[in-house]
Amino acid sequence: MAVTAPPRSPGSAEAPPPGAGVFGGPGGDTPIRPRSFNAVDAWVLVASIGSSFALIWVIFRLMPISGAVGFLFWWFVSFAFIYWLAMLQLEGPLVAKDRLMAVLIVTGTGILIVPLVSIIVFVTAKGIAYIRPHVFVQTNNLCGQLDGPTCGGIAHAIVGTLEQVAIAMVISVPLAVLCAVYLNEIGGPLRRPVRLFVDAMSGVPSIVAGLFIYAVVVVSLGWGFSGFAAALALSILMLPTVTRTSEEVLRLVPDGLREGSLALGGYEWRTVWNVVLPTARSGLITAVILGVARAVGETAPVLLTAFGAQVMNGNPFHGPQESLPLFIWTYVRFNPGEAPYLRAWMASFVLIVLVLGLFTLARVLGTRTSIERRQKRAAKRDAKRAAAEPGGARA
Amino acid sequence: MSTISADVAQPPDGDSTPDAPRTITHTRTGVDRAFRRLATGAGLATFVILFLIGLFLLIKSWPAFHTMGLKFFTTSRWDPEGSHVFGIAAILYWTFVIAIVALAIAVPLSIATALFITEYAPRRLRRWMISLVDLLAAIPSIIYGIWGLAFLEPRLVGVSRFISKNFGFIPIFKVPGSNLNPGAFAASAFVAGVIVSLMVLPICASIVREVFSQTPPGEKEAAFALGGSRWGMIRSVVLPFGRGGIIGGAMLGLGRALGETIAVALVISPIFTISIHVLATGANGVAPLIALRFGEATQKFGIPALMAAGLTLFVVTLLVNFAASAIVARSRSGKGVEI
């Protein structure tokens, strides 16, 4: 029975009207909802979990084996098998397979959540205790190598990270969006090779981008280590990430909108600027987030191009500069001792808060509908113009 | 009347060409031409950058290749400063081992996550899940490294022991001479691979999800209407439709896994020999090697050697990506969405 009735499509927004079930006649029959999760299903699930636990527990008690990892592994395997067997008896092979895959998929997703929560909790627990106001305004210039997180701060690293990422964004985001526009809106004979090169570029390892900028900017041009060199390396990394995601997003803009704009006599650039890009705005913001997220946390290219510094260097165009990931790297890699290591945790906490903050901000901005705001702004502009014009005519 | 129209329709010399549709000419305004040129320039910039990367790495690594010749690819030692004998064989091997371990974990999990988000999760949960996956992508690699070192590695040693104990009959899972002593499982390619897999996972998952969510709803409902279960629908509609996305996601993941530097550099203890025991202590990678040796390398010997390693890594990732792009281009999905 579970296989004969049409489903509730996950994509469609409208729910069937109440009472209008698939086989529901006019007599108020309750509609059959084959895929709804009912009491029997819950029972089978709980019983499977319980019986598999009992089975593995008994086996582990009887046999000379132990270990939490093994227990969890065999528990899950036996649970999946028992559940499958039960569904096979109750509903037949099709449903049993369906349910088994559902269990695997939900478990796989759960595995994704565990490390995320673990990272945030662990880093917070390690680092939050050392966050004091002085951390954000002082640098390392007064502290020795072996001082703990109570001395000095990461002001120089924060300034470095912000400057480098900002410059990288200014360079790479317009280029990346233009490149995505080229791929999706303009095309031509070069479209395929360009897409191939963007894909290839997305695989360029960060350390190679760092080596390249080191070879060109730091050594060949003789500019030495600088925040700007780091920004150039970061923008090489951001460019393909932003381009690829932007292109995926632009492809989702319905052709009808483009054709509508062109049919109204819009220029091509007008169509892109006023129709395509605003429609894809939230997706484009996600693209930029992914790019920035890649850039903020990159250590290797910054190590090769900005090199790192213990003191404040506010000028991104001259001299070695620190960045937050580099600060952490220095302390973890060279591990001078227990107390300095805590500084790495403190900086990790700041970095993760920075990333989470940026991420949340971008999400909030991304979800607001941009076309609405644009219309509002246009209306305001029109009103202003209308108010100004009569005055101009009189003068 | 009729003579006039006949004159117009047929030229006087009697050449009776059949009616043909008027050719539509399309002159773009100057602004549009400039716009097209600008965007094309942006597209070509990627090519120029890639070319310059290859060129400069080649120029800077020339002294290293001059010293070692083709033996650079078959030597397993790395001693550019002292004996001037260095090669990338073992390092490149371990780079691939770590990347393969990472993909073996990340690709199935990212497909499961993408399917959960697009097909299983309730509407409200879906948005949260998408944010969580993006968030996982936003976490910097240095954080993965420090967390992996302090939190994950001690716990993974138990997993390594379990695998080695129960599946040790498979050669790659054997840890020779360990006697299941926990110390023999630390800093292995497996540990590094698991950490890299976490960093690869969100990238794979978000690409795969994006493609899965573009599956035409009509075909999905057709599969249901033919009596398919949810899994049947996924297998017959969503997975074939999203094959390009799965390969694309795995490709992006492989690119990042091969080039992953910092987290791997923090976790592994570098070795310069080839072995098949992924669970045993010791691994290496081209990118970690560059990061770890950069500070002490001299301009005369060390830097060219590292440049040569970087060039090799660059070429390898480029080849992997070109091969994968060719596959993806053949099955690119979601083209031309109609309103």
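So the sequences go chain by chain: B and V.
Remember, the working numbering sits 741 above the position in the first sequence when you count from 1.
Remember, the working numbering sits 71 above the position in the second sequence when you count from 1.
Heads up, the beta-carbon is just placed ideally off N, CA and C, and yes, glycines get one too.
Three-state secondary structure assigned by DSSP to residue i
i, result
"Ser-1111/B", "Low per-residue confidence applies at Ser-1111/B: pLDDT is 49, beneath 50, and the placement is therefore not dependable, though the value from the model is reported in the following sentence. Three-state result, Ser-1111/B: helix."
"Thr-286/V", "coil"
"Asp-888/B", "coil"
"Trp-133/V", "helix"
"Ser-259/V", "strand"
"Val-411/V", "Here chain V has residues from 72 to 410 only, and residue 411/V is not among them."
"Pro-242/V", "helix"
"Thr-146/V", "coil"
"Ala-354/V", "strand"
"Pro-946/B", "coil"
"Pro-1019/B", "helix"
"Pro-1042/B", "helix"
"Ala-1129/B", "helix"
"Pro-311/V", "helix"
"Pro-253/V", "helix"
Delimiting residues of the alpha helix (DSSP H) encompassing residue i
i, result
"Met-842/B", "834-868"
"Leu-796/B", "780-803"
"Asn-237/V", "224-238"
"Ala-368/V", "Looking at the DSSP string, Ala-368/V is not in any alpha helix (DSSP H), and its letter there is neither H nor E."
"Val-906/B", "896-922"
"Pro-934/B", "932-943"
"Phe-1048/B", "Segment: none, Phe-1048/B is in no alpha helix (DSSP H) and carries neither H nor E."
"Gly-963/B", "Unbroken run through Gly-963/B: none, as it is neither H nor E."
"Ala-336/V", "333-338"
"Pro-89/V", "From DSSP, Pro-89/V is part of no alpha helix (DSSP H); its letter is neither H nor E."
"Val-876/B", "874-878"
"Ala-209/V", "194-209"
"Glu-1000/B", "996-1004"
"Arg-306/V", "Premise fails: Arg-306/V is in no alpha helix (DSSP H) and is neither H nor E."
Contact test: residue i Cβ vs the ligand ADP heavy atom, cutoff 7 Å
i, result
"Tyr-824/B", "For the ligand ADP, the structure offers nothing, since it holds no ligand at all."
Counted within 10 angstroms of its Cβ, other Cβ atoms place residue i as buried (16 or more) or exposed
i, result
"Asp-90/V", "exposed"
"Val-959/B", "buried"
"Leu-813/B", "exposed"
"Phe-764/B", "Summary for Phe-764/B: the model assigns pLDDT 45, below 50, so the residue's position carries little reliability; its value from the coordinates is reported in the next sentence. Per the 10 Å Cβ criterion, exposed."
"Met-804/B", "exposed"
"Leu-390/V", "exposed"
"Thr-100/V", "exposed"
"Pro-759/B", "Unreliable positioning characterises Pro-759/B in this predicted model, as indicated by a pLDDT of 47, which lies under 50. A coordinate reading is not provided."
"Thr-344/V", "exposed"
"Leu-1102/B", "exposed"
"Val-387/V", "buried"
"Arg-107/V", "buried"
Whole-number beta carbon distance between residue j and residue i, since they are thought to touch under 8 Å
i, j, result
"Tyr-1008/B", "Val-168/V", "Not really, about 54 Å apart at Cβ, beyond 8 Å."
"Ala-113/V", "Leu-919/B", "4 Å"
"Leu-220/V", "Ala-321/V", "Contact doesn't hold; Cβ gap of about 27 Å is too wide."
"Pro-211/V", "Pro-1066/B", "6 Å"
"Val-178/V", "Gly-264/V", "Val-178/V to Gly-264/V, Cβ: 13 Å. No contact."
"Leu-128/V", "Leu-382/V", "4 Å"
"Asn-882/B", "Val-1052/B", "4 Å"
Whole-angstrom distance between residue j and residue i, CA atom to CA atom
i, j, result
"Phe-118/V", "Thr-1027/B", "25 Å"
"Asn-252/V", "Ser-1089/B", "32 Å"
"Asn-392/V", "Ala-780/B", "49 Å"
"Thr-189/V", "Phe-283/V", "7 Å"
"Ile-1093/B", "Gly-216/V", "13 Å"
"Arg-327/V", "Pro-193/V", "31 Å"
"Pro-748/B", "Ser-300/V", "With a pLDDT of only 44 at Pro-748/B, under 50, the local geometry of the prediction cannot be trusted, and the value read off the model is given with reservation. Approximately 9 Å, taken between the alpha carbons."
"Leu-937/B", "Gly-316/V", "15 Å"
"Asn-1076/B", "Ser-259/V", "20 Å"
"Ala-1004/B", "Pro-995/B", "15 Å"
"Leu-186/V", "Leu-207/V", "17 Å"
"Asp-150/V", "Trp-302/V", "55 Å"
"Gly-885/B", "Ala-1080/B", "11 Å"
"Ala-336/V", "Met-828/B", "47 Å"
"Gly-963/B", "His-1059/B", "11 Å"
"Lys-1125/B", "Lys-1117/B", "12 Å"
"Ala-907/B", "Leu-991/B", "24 Å"
"His-97/V", "Gly-1049/B", "55 Å"
"Leu-297/V", "Ile-274/V", "34 Å"
"Glu-1039/B", "Ile-213/V", "8 Å"
"Gly-894/B", "Asp-888/B", "11 Å"
"Ser-307/V", "Ser-987/B", "29 Å"
Cutoff 8 Å: residue i Cβ touching any chain C Cβ
i, result
"Cys-892/B", "Structure shown: chain C not included; protein chains present are B and V."
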